[in-house]
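These notes are about the structure you will find just below.
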Amino acid sequence: MVMTDLSVVPDLMRDETERIKGIVDTMGQKLHDRGLGGHVKSMGGKPGETIVKVSKEEEVALIVLGSRGMGTLRRTLMGSVSDYVMHHSHIPVLVCKHPDVHKHHGHGHKHDKHDKHDKH
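Residue 1 is where the sequence shown starts when you use the UniProt record's numbering, and the numbers rise one by one after that.
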């Protein structure tokens, strides 16, 4: 059992709110610096459901998501935000994998023995 002094909770909440605001501001600036339209929001709730709901409310043309590259078992047990959004959204969804995902999971390497385009 872990016991905590509840008087620290407001300070923790304020610190977390400031941290999230910093992330939102940074991401908004990155959009602006690259000449991209759009805006960044921070909202509570289940991520997939919230993304689908807000995309309808905001009448967006495209949802762009990153992929963390979870393994099959973990994705099955925990669910995947991108899977949820792709299956529940009536708006086009683009899922982008970061190049480092391949380094950590070993999928999609050029020399994979199952790669039909490999000329070895």
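Note that beta-carbon positions come from the ideal geometry of N, C-alpha and C, so glycine has one too. No experiment lies behind these values; they were computed from the predicted model shown.
Check	Outcome
Length of the line joining the Cα atoms of lysine 113 and methionine 43	The pLDDT assigned to lysine 113 is 42, lower than 50, so where the model puts this residue is not dependable; a value taken from the coordinates is nonetheless given after this. About 44 angstroms.
Three-state secondary structure (DSSP) of aspartate 112	Unreliable positioning characterises aspartate 112 in this predicted model, as indicated by a pLDDT of 41, which lies under 50. A coordinate reading is not provided.
Lysine 56: first and last residue of the uninterrupted alpha helix (DSSP H) it sits in	47 to 57
At least three beta-carbon pairs within less than 8 angstroms, the stretch 17 to 35 to the stretch 63 to 73	no
Valine 24 to valine 60 span [Cα, whole Å]	19 angstroms
For glycine 66, the three-state DSSP class (helix, strand or coil)	strand
Inter-residue spacing [alpha-carbon to alpha-carbon] between aspartate 5 and serine 89	42 angstroms
Residue(s) in a DSSP beta bridge with lysine 97	Ser67
Distance CB(residue 128)-CB(isoleucine 63) smaller than 7 angstroms	Because residue 128 is not part of the residues shown, which for the chain are 1 to 120, the question remains open.
Option nearest residue 123 by Cα separation, candidates Lys53, Ser80, His98	Because the chain spans 1 through 120 in this model, residue 123 falls outside it and cannot be assessed.
Residues of its chain near isoleucine 20, where Cβ-Cβ distance is below 6 angstroms and the 5 sequence neighbours each way are ignored	Ser42
Contact check, proline 47 vs valine 95, beta carbons under 7 angstroms	no
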